[in-house]
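Okay, so here's the structure we're looking at.
In our numbering, the protein residues as written are 122 to 1012.
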C-alpha cells in the first residue's frame, strides 16, 4: 500500500512539473531581458488601520487577481514592466481603483472607505457591522459553500462557548450538557459525521462516549477570531467530514498594539433543591498583541478563565411495558462547579511579502466538579417497593493543547505552504465515588400514576425511627488520552488557460493517532451485620467526599472491596496517509470550476485489555470532488458542488468490550465488525450580497450515506434491576435532503433615520432523512426536521449602543432505536431566547448585560415520536436562567 502511495505522490509531482514547464514554455517567446516579472504587494485596511482580510484585488484588463490573506496582505505575481490599474473591493466598502507603474516589485497599501460615509447621519461602522463585512466577504469569495462568523459578530451575541456561537449559522443545531452548548450537528448529521478543527487541525475527542464527535464546551468563544463552517469539501480538505467541517481560527498578532480586558460576573437561577457550590458566575479574559522590528515580528498573548456554578434537575420515568403506567421513577439533582481556562501564545515573523511563518501554542482546560444526588423509587411490586438513594461525587478534568508551526513561501510563482502540529486531548476522572443506601419492602401501592410522576428527592415515606442502610460503595477511575501528530504540505502553481489565470494544487498529509482508555471500577459490599451507615429518608449522605485513588478506600468501615473491573479499557492507534491533486480553472472570467481527487489510506490497530484481544484493519478511499462557482454579477453567485467523504468508526465502538455500569444501570457493548461510513453529497446554493452588508442565500442539498452507524437499545432484567443495553451497528443506506435559506438585512436601506442602525439575521433549514433498520423506515439519528434562527440586532457606533435579541428553534429528533416505534428515543423540540445589550461608557470602556435561556427551556426525551399520540415522556431536565454583567476595557 505504501508503494501505491509513493507512486501516487510521484504522479502528482509529475503533473506539477508538467504544468510549470508548460507555463514557462508559454512565456518563453519573449526575450529574457523583457520577460523578467515583478509583483505588486501591500496591505488592505480600513480608515482606522484595521486589516481587511479576504478582499478581492485584481489587475484590470488581465486575468490576474488574488484574495488578501487573513492579515489583509496580498501579493500579485507575474507582472511584466508596464502600467496597470489595480482594483480592490470589499463588501460594505467603496471600491478602490488606482493606476500603478511597474518597473520593479511595487508596494501598494490600500485603504478602503466604508459605504456608511455616504450617509449624512452615519459616521463609521460599529464593531458588529465591521465583523459582518469580514465574514460576508470571505463567504462570498470562497470557491465552495461556507458560512463564516467573525469574532466581532459572535462577541456581541449572548454565547458563552464555541458551540453556542455556532448555533446562529444556517443548518446548525447543537446538543447541550447542563444547559451549555456541547456538540454540533450540521444539516441533520450527528457529531461524529462532522470534523471540528482548531486552526485547521482536527481536535481529538477526549470523551469515551462521543465517538469521533468533539464536544466544544471547553473552547471559550473569546479566544476565537472567526469560525468557518465548510458545507462542501475540496480535495485539499480532510475527507472525514460527511456533514461539514467546523474550523475555529484562533486570534493572531494584530498590526496595531492592542490590550484588552474583559470582566464579567453573574448569577445562575438554577433548578436544584440542593446547593453546595453556589450560584455565581465569573469570567475574565485578557489579550495583548503587538508587532516589533518594523512590523516583522508579531506576538499575541491571550488568556481566559470562566467559572459557572450550575444546578439542574433531571426526572426519569420507566413504564410498564408499552403502557403509560409508571413502574419506576428516578429523580436526579446535579450540583456542578464548572471551570474553564485557556491561553494562547502566538508569535509570527514576516520576512517579506513572500515569506512568513507562525508558531502557535494553545492550552484549554475544563474541570467539572459534580455532586449528583439520586433517588430511585422501584415499584415493580408496589406493595413491596424499594427506596434507593445514592450520592455520586466526581471531578472530570478535560484538556486540549496544541503546538503548531505553519509557513507560507513563494519561489517565483510557486506557492509552498506547510503545517507541522501536535495536538492532544486528555480526560481524567481520578476518583468518582458513589454511595448507595436502600430500604426494601416499602409499601407504595397507594400512589396514583400522577403521584408517582411527581416523586422527588424530598419525598418521605419512612417514619423517623426507620432508615435506609448503606448497601454499596463504588469507586471508579477513568482516564483517556488521545494524541495526534501530523504534517501537511501544499504546492500551488498558477497557469494560463483560455487567457485566464488558473491554478493547480497538489499536496500530502501524514497523521498518526494514539489513543488509550483506562477504566477501573471497584465495588464494595457492606457487611450485613455492620453499622457502617444509615440515612434518613428525604436526605443524602457523603456529599463531596471521594475515595482515595491509591487503594480505593472510602470513609466507611466494614465493607468488602471486589477486584477491579476494567472491561472497557483499550489502547489503539491509527495512521492516515493522504495525497491529493486539484485544479482551480477559470473560464471566461465568471465561471470557476474546482476539480480534485483525494486519496486516503487508513490503518487501525487496537488492543482490548480484559479479553487480551487485538485487532487490525486497513482500507483506502478515493474521494473525488467538484465545485462550480458562477458569478452572475459582482454581488451574486451560484455554487454547485459534488463530493464524496467518509466517517471512520470510533475505537470505543470497535473494541470488543462489555461494560456494565451498576450505578446508571446501563450496559454498553463494542462491535469490532463495524465498517466506515461513506457518503455522496450534492449541493446547490444561490448567494446575493449588497454593499450595505445585506445577504440572501437559498440552497438545496442531498446526501446518500452508506453503512451509517447508530445505536440500538434494548432492556434486560439483571439481579432484579432493569438495565439499558446499547450496541453500535451498521445500518443500510440512508438518505438526507433538505433546503436552507438565510437573510441578513439592515434597515438603513430604507432611509428611515430611527431604523438605520437596526437589522435582522434570520435563517431556516428543512431536513428530511430516511434510514432502514430491520425492515423499518426511520429518520437518521440527530437529524431534526426544522431548525430556525431569528436575531434582531442594533449597532450604533456614534452613541455606543448595541444589542441582540436571538431566537433559536429546533424540532424533535431521533437519537436511539428501540425495539419498536413505541420505544424509539427522541429529543423533544426546543426554543431558546437570549438577549444581550452593551453601552460604551467612555472611549475605551464598555458595559454589557447578558441574559440566557429566558424561556427556561428544558431538555426532554421521549419514547416514541413526540408528534404521535403514543409518545411518552422518558425524562426531562431543567437548568434555569442566567444573567451576567460585564465590563470591557480596550487600549
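In this text, a Cβ means the ideal position worked out from N, Cα and C, and glycines have one as well.
At what residues does the alpha helix (DSSP H) containing residue i begin and finish?
i	result
residue 284	283 to 287
residue 515	Here residue 515 belongs to no alpha helix (DSSP H); instead the beta strand (DSSP E) covers 506 to 532.
residue 274	272 to 275
residue 574	570 to 574
residue 775	772 to 775
Quick test of your reading: residue i and residue j, contact by CB under 8 Å. State the CB separation rounded to the nearest angstrom.
i	j	result
residue 514	residue 487	That belief does not hold up - the Cβ atoms of residue 514 and residue 487 are roughly 18 Å apart, past 8 Å.
residue 527	residue 479	5 Å
residue 97	residue 308	Any property of residue 97 remains undetermined from this structure, which presents the chain solely from 122 to 1012.
residue 970	residue 957	7 Å
residue 210	residue 177	5 Å
residue 576	residue 498	5 Å
residue 768	residue 314	5 Å
residue 419	residue 468	7 Å
In three-state DSSP terms, what is residue i?
i	result
residue 620	coil
residue 430	strand
residue 193	coil
residue 215	coil
residue 975	coil
residue 253	helix
residue 262	helix
residue 314	helix
residue 362	coil
residue 870	helix
residue 668	coil
residue 320	coil
residue 629	strand
residue 1007	strand
residue 236	helix
residue 762	strand
residue 601	strand
Grab me the residues of residue i's own chain with a C-beta within less than 8 Å of its C-beta, minus the 5 sequence neighbours each way, in chain order.
i	result
residue 326	332, 333, 334, 335, 336, 546, 603 and 771
How is the beta strand (DSSP E) around residue i delimited, first residue to last?
i	result
residue 405	401 to 413
residue 693	691 to 708
residue 210	203 to 210
residue 923	922 to 931
residue 884	879 to 894
residue 902	Where residue 902 is concerned, there is no enclosing beta strand (DSSP E), given that its DSSP letter is neither H nor E.
residue 825	816 to 827
residue 811	Premise fails: residue 811 is in no beta strand (DSSP E) and is neither H nor E.
residue 481	476 to 499
residue 580	Premise fails: residue 580 is in no beta strand (DSSP E) and is neither H nor E.
residue 381	379 to 391
residue 851	842 to 851
residue 452	447 to 473
residue 161	159 to 167
Spatial neighbours of residue i within its chain, please: CB distance less than 7 Å, with the 5 preceding and 5 following residues excluded, ordered by chain position.
i	result
residue 940	835
residue 445	993
From residue i to residue j, what distance separates their C-alpha atoms?
i	j	result
residue 729	residue 797	20 Å
residue 109	residue 346	Only positions 122 to 1012 of the chain appear in this structure, which leaves residue 109 out of reach.
residue 745	residue 173	33 Å
residue 412	residue 383	22 Å
residue 589	residue 496	12 Å
residue 996	residue 845	14 Å
residue 561	residue 689	32 Å
residue 909	residue 291	8 Å
residue 985	residue 927	30 Å
residue 593	residue 503	23 Å
residue 888	residue 902	12 Å
residue 778	residue 987	33 Å
residue 805	residue 758	11 Å
residue 634	residue 524	15 Å
residue 235	residue 170	13 Å
residue 719	residue 697	12 Å
Using a Cβ-Cβ cut-off of 8 Å, state whether residue i counts as contacting chain B.
i	result
residue 309	In the structure shown, chain B cannot be found, because there is only a single protein chain.
Please go through the same chain and pick out, in chain order, the residues whose beta-carbon is closer than 6 Å to the beta-carbon of residue i, but skip the five residues on each side of it.
i	result
residue 881	866 and 913
residue 1004	387, 388 and 972
residue 350	268, 290, 365 and 367
residue 155	Because residue 155 sits at a pLDDT of 42, beneath the cut-off of 50, its placement in the model cannot be relied upon, and the following sentence gives the value as read from the coordinates. If we look at residue 155 and ignore the five residues flanking it on each side, it has no Cβ neighbours.
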